[in-house]
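Below is one structure; the comments refer to it alone.
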Amino acid sequence: MNHLKMDFAKSDSVHPDVLLVEKNLSQHDQDYLLAKNISLVHNIKRPLLENISRSTGAKIVLSLDHLTGNDLGFCDSFHVEKFLEDHGSAGPVGKNLTKALMFFEGCSKPLDFAIVLKGAHGDELKKVKRVLQNGFLVAYRLALETSFLSEQGASFSEEFSLPAFDNQSILVIPMSRCIWKGSVCETSNIIRINYYGSFDVPLGQFLLEQLFDQNFRCHVCQMPPQAHRRCYTHQQGSIVILVKKLPEILLPGEKEGRIWTWHRCLRCPHANNFPPTTKRKLMSDAAWGLSFGKFLELCFSNQAAVNGVASCGHSLGQDCLQFYGFGSMVACFYYTPIDVHTIHLPRPKLEFNHDPQDWIKREADEVCRRAEQLFSEVVRSLHQISEISPVNNGDIVPELVQQFEELEVMQQKEKRDFEVSLHQVISRTVADDQPAIDILEINRLRKYLVIQSYVWDQRLIHVSTLKDNRLHGISNLMPKLKENAINPGQPAKMITTSRLSEGFSSRGSFLLSLNPSVTFNQGGNGESRDGNHGSDSAAILNDQFIPENFTTNEQKLKMISNYRPVYISSFRELLDQGCDRLLLPAGINDIVLPVYDDEPTSIIAYALTSVDYHNQMVSDPVNDRLESSSSMVILEPENLFSPTSLNGASRESLRSPGSANESISSTSVTQGFTTMDQHFYYKPLHVIVSFSDNGPLRKVEYTVTCYYSKQFEDLRKTCCPSVLDFIRSLSRCEKWDAQRGKSSAFSAKTLDDRFIIKQVTKMELDSFLKFGPAYFKYLSEPRRDGSATCLAKLLGIYKVTSKDLKGGKESEMNILVMENLFFKRNITRLYDLKGSTRSRYNSDSSGSNKVLLDQNLIEAVATSPIFLGSEACRLLKRAVWKDTSFLSSVDVMDYSLLVGIDEEKHELVVGIIDILRQYTWDKHLETWFMVALDILGGSKNSSPTVISPTQYKKRFRKTIPDNYFVVVPDQ
């Protein structure tokens with residue numbers, strides 16, 4: 001009581017009529033105030049006090065001892081009324097509630113008002129109250145927003161309406177960077193600004209307190225506002241705020257708190273390299289009180305309701321620089337679009353490049369050139385041989401002329417047939433699942449040219465010998481054939497032709513005609529077995545000299561590769577330039593594949609199409625061997641040079657194997673893949689294929705071990721449109737610098753860019769052999785929850801061994817075939833992320849192919865962050881969570897998330913790679929050693945370089961994607 005009397009005694013000049021108190025007063029205090037004729041209202045909630053303070057102008061004070069007349073508010077009248085709630089339901093049973101309401105009428109400033117709702121049930125009144133509140137808010141906010149836009153020079157259509165109540169809040173990502181120090185002051189955390197509510201302030205207050213106040217200091221860098229670059233990101237853009245102090249300029253009204261506003265349109269024609277500016281205006285009280293969150297929404301919005309700047313019609317928020325000035329301080333707001341990326345995870349089905357590829361077109365052009373060279377050389381040789389001395393031997397000369405004419409006709413027909421076949425290969429109608437130009441068909445045509453060069457040289461030798469015999473009066477048309485074979489080192493003097501008039505595309509081609517009664521000779525003289533010395537050319541042309549299975553027989557193919565031509569010099573050029581690699585026996589369905597020592601995928605592709613591999617995959621190696629007769633059905637060479645040889649049913653016949661026996665034997669096969677060792681067995685699930693290349697330039701034995709052959713075949717059948725697509729891709733590759741780490745291991749890309757080839761260590765191979773079954777099971781599990789996987793698919797693991805029989809050099813390489821995540825992509829930036837910043841920085845970041853690391857990405861967040869949509873972020877999180885659970889369950893660690901930025905498609909192409917490293921005993925030992933160093937104080941404030949799979953999983957999940965990407969809210 002004494003305190004209250006003393007407080008009022010100090011303020012004799014202050015005589016309030018009404019005293020509002022937040023808490024309770026004692027009865028003595030109440031009696032004292034009543035005696036002073038002061039109305040007392042106590043136990044008032046703080047928000048209500050603030051509303052009354054705003055309406056009446058009264059100040060809220062903590063004590064009465066310093067109360068002055070300036071602290072008092074004013075109103076014309078104050079009274080309290082009680083209302084009986086006839087329809088109330090909240091009181092005791094049988095009793096109606098009464099409610100006392102205070103009325104402050106005639107306030108000096110119309111800052112607030114109240115409406116009394118009476119009548120219906122209380123629940124109904126609450127609904128009406130919400131409607132009225134929302135309506136008042138819409139009207140009030142609309143007035144503020146309209147005033148703001150009018151000041152900015154915006155014009156409105158007759159049907160103009162602002163969606164003032166459509167959105168009650170906005171989700172933004174505030175970021176702040178100190179330009180002077182180059183540091184990040186505010187990170188990318190999403191906040192929701194509720195209009196005129198939480199996290200919101202009036203626009204004028206934001207400008208004065210956070211941009212124009214020279215006493216304001218950033219709590220991180222302690223620098224003033226002009227040292228910072230602020231931005232607020234929402235959906236597809238960012239509002240950037242820059243502040244500058246201009247000492248030479250002082251805008252009027254600084255003491256009165258006046259803020260000026262103007263703008264420049266960036267899309268209008270510039271004058272003297274500057275965009276045109278509008279007249280400077282004072283910010284009105286209505287614009288000053290506009291919600292800052294709503295201001296941001298209007299800046300981001302490009303809706304048609306607002307026609308834009310009156311003078312030019314362009315968008316105020318997105319096409320203009322908006323300026324606000326206060327004294328010597330100027331703030332600039334401008335809109336900048338951002339690329340919000342989606343996520344592209346590895347697809348279940350691989351896409352292949354069926355468009356014409358440059359390297360295949362070069363191969364086709366080379367075949368065309370070589371064909372033209374061959375047939376031109378045949379014509380020249382025929383003309384040279386046909387220059388016969390003018391010796392009149394009756395009908396001898398005319399018969400030779402007929403022979404030459406028939407050979408010329410044959411040359412023209414074969415050239416025409418070849419051109420038709422080549423045209424069909426390079427200009428055929430492309431199906432969705434077929435390549436525009438099939439490299440396998442090109443290989444067939446290249447092999448045809450090699451063999452046809454040999455055959456034409458034999459034909460020319462024959463007709464030259466025939467001419468010499470006739471001109472010297474020899475009566476026998478054909479020399480006697482001997483039983484022994486031709487000497488590979490010497491050119492044959494004469495070989496009998498067979499069906500020369502039939503083209504290479506015929507099933508009855510001379511290469512495939514069978515007549516075991518005729519063999520090659522060595523000495524150049526001989527006669528046919530049936531003793532036919534006939535003089536007519538038709539008999540000659542009907543003779544057959546090519547033995548059975550010529551194109552698949554090791555000895556005959558070896559003979560061609562060592563043959564020295566007499567007339568067709570281009571034959572030797574073909575072999576010297578690598579075409580002798582095509583003379584290896586064809587695979588199933590006569591697939592022709594060359595083998596290159598420096599391209600291990602070509603060796604793998606050849607092994608996968610071999611009859612040996614096919615036999616092991618479809619049969620029991622001991623009890624179910626394919627008999628030679630049945631294997632010859634698969635190897636039937638009659639389609640070798642057919643232009644449609646890989647179309648239709650023959651493609652279908654190259655199918656994925658049905659099942660593989662748990663115990664599959666190894667085979668040792670040379671050239672023809674016809675020898676099977678029934679006594680040697682390898683570990684279950686793996687297939688070994690051996691073959692040799694006994695060409696004139698090299699003698700090399702190859703062995704390919706196909707690990708988990710059946711499982712990988714099934715996987716390729718699931719994810720590849722056809723098995724042939726995989727074979728085509730592996731047929732050629734080139735070395736490739738992956739630029740990931742300091743490893744000197746071999747790495748390559750297939751020429752079609754579809755697969756990455758990587759050499760793996762023995763430890764990595766052993767790890768995969770352990771968890772391989774779990775890997776195949778994981779990929780085959782149906783994903784009922786709809787989640788995808790980040791794992792980059794492994795399509796095969798092989799051991800490739802080669803042994804040079806001449807030089808004795810032997811090499812062995814473990815090869816991993818993995819899908820190229822960036823196939824047919826234009827990747828501008830590439831990151832290899834492990835979720836750790838320790839030793840994860842690439843100081844050399846120049847070049848588009850440089851692989852950047854974790855610390856590089858964290859640095860980029862400050863200047864050029866990677867924006868990710870909310871749904872894309874959720875998709876990535878689900879996939880990472882599921883995949884890391886699997887990898888941890890099989891003790892795999894040290895994997896990476898490879899992220900490529902495709903700016904053209906606005907996508908982040910991602911995939912988890914390097915999944916072959918298990919937490920083996922050496923990693924355990926390294927972890928224990930580093931922990932021991934920590935205990936002894938050897939490495940303070942640093943985590944071990946190696947952590948367990950479980951710890952690695954947790955760190956990976958925690959960091960990716962939250963710490964590396966800026967997630968843009970969808971609303």
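First residue of the sequence shown? That's 1 in UniProt numbering, and the numbers climb one at a time after it. Glycine included, C-beta positions come from ideal geometry on N, C-alpha and C.
Item: Residue burial classification, His270 (beta-carbon count within 10 angstroms, cutoff 16); Value: exposed
Item: Own chain residues within Cβ distance below 6 Å of Ile426, not counting five before or after; Value: Ala364, Ile437
Item: Contacts around Ser628, its chain only, beta-carbon distance under 6 Å, and the 5 residues preceding and following it disregarded; Value: Because Ser628 sits at a pLDDT of 34, beneath the cut-off of 50, its placement in the model cannot be relied upon, and the following sentence gives the value as read from the coordinates. Excluding residues within five positions, none has a Cβ falling inside 6 Å.
Item: Whole-Å CB distance - Phe956 paired with Gly869, under 8 Å assumed; Value: Rounded, the Cβ-Cβ distance is 21 Å, inconsistent with contact.
Item: Contact the segment 351-369 vs the segment 288-299: 3+ CB pairs below 8 Å; Value: no
Item: Phe356 in three-state terms, based on DSSP; Value: Residue identity check: residue 356 is Pro in the sequence provided, not Phe. DSSP places Pro356 in coil when its eight states are reduced to three.
Item: Three-state class that DSSP yields for Asp902 in the structure shown; Value: strand
Item: Where the alpha helix (DSSP H) through Ser885 begins and ends; Value: 870-889
Item: Ser376 versus Val430 - alpha carbon distance; Value: 31 Å
Item: Between the CA atoms of Leu582 and Val700 - distance to the nearest angstrom; Value: 15 Å
Item: Validate contact between the segment 173-187 and the segment 204-214 using beta carbons, cut 8 Å, 3 pairs; Value: no
Item: Of the residues Asn167, His219, Leu97, the one placed nearest Asn194, counting alpha carbons only; Value: Asn167
Item: 8 Å contact criterion, which Val892 and Ile960 should meet: CB distance rounded; Value: Not really, about 16 Å apart at Cβ, beyond 8 Å.
Item: Within 8 Å, strictly: CB atoms of Phe104 and Phe78; Value: yes
Item: Where Val80 falls, given that 16 or more other Cβ within 10 Å makes a residue buried; Value: exposed
Item: Proximity test, Ser376 beta-carbon vs the ligand GTP heavy atom, cut-off 7 Å; Value: Looking at this structure, you won't find the ligand GTP or any other ligand, since it has none at all.
Item: Whole-angstrom distance between Lys793 and Ser780, CA atom to CA atom; Value: 12 Å
Item: Cβ-based neighbour list, Val760, same chain, cut-off 7 Å, excluding 5 preceding and 5 following; Value: Asn814, Leu816, Leu916
Item: Proximity to Tyr778 [Cα-Cα], best of Pro174, Ile343, Asp737, Ser888; Value: Ser888
Item: Sufficient close CB pairs (3 or more, under 8 Å) joining the segment 948-955 to the segment 799-810; Value: no
Item: Assigned exposure category for Thr261 - 16 Cβ within 10 Å defines buried; Value: buried
Item: Beta strand (DSSP E) runs wholly inside the segment 801-844, at least 3 long, in chain order; Value: 810-819, 827-833
Item: Residues sharing a beta bridge with Ser284, DSSP; Value: In the DSSP output, where bridge partners are listed per residue, Ser284 has none listed.
Item: Proximity winner among Phe418, Ser386, Ser421, relative to Phe404 (alpha-carbon distances); Value: Ser386
Item: Segment limits, beta strand (DSSP E) that includes His263; Value: 260-265
Item: DSSP-derived helix/strand/coil call for Cys719; Value: helix
Item: Per-residue DSSP class, three states only, for Leu582; Value: helix
Item: Whether Ser722 touches Thr703 by CB criterion (8 Å); Value: no
Item: Simplified DSSP state of Cys368, which is helix, strand or coil; Value: helix
Item: Contact check, Glu408 vs Leu449, beta carbons under 8 Å; Value: no
Item: His314 to Leu266 span [Cα, whole Å]; Value: 9 Å
Item: C-beta contact flag for Leu250 and Ser328 at 8 Å; Value: yes
Item: Val116 classed as buried or exposed, judged by whether at least 16 other C-beta atoms fall within 10 angstroms; Value: exposed
Item: Three-state secondary structure (DSSP) of Asp752; Value: coil
Item: Residues near Val340 by beta carbon distance below 8 Å, same chain, minus five either side; Value: Gln235, Gln236, Phe867, Leu868, Gly869, His906, Val968
Item: Simplified DSSP assignment, three categories, for Ala747; Value: Looking at the sequence itself, residue 747 is Ser, so the reference to Ala does not match. Residue state, collapsed to three classes: strand.
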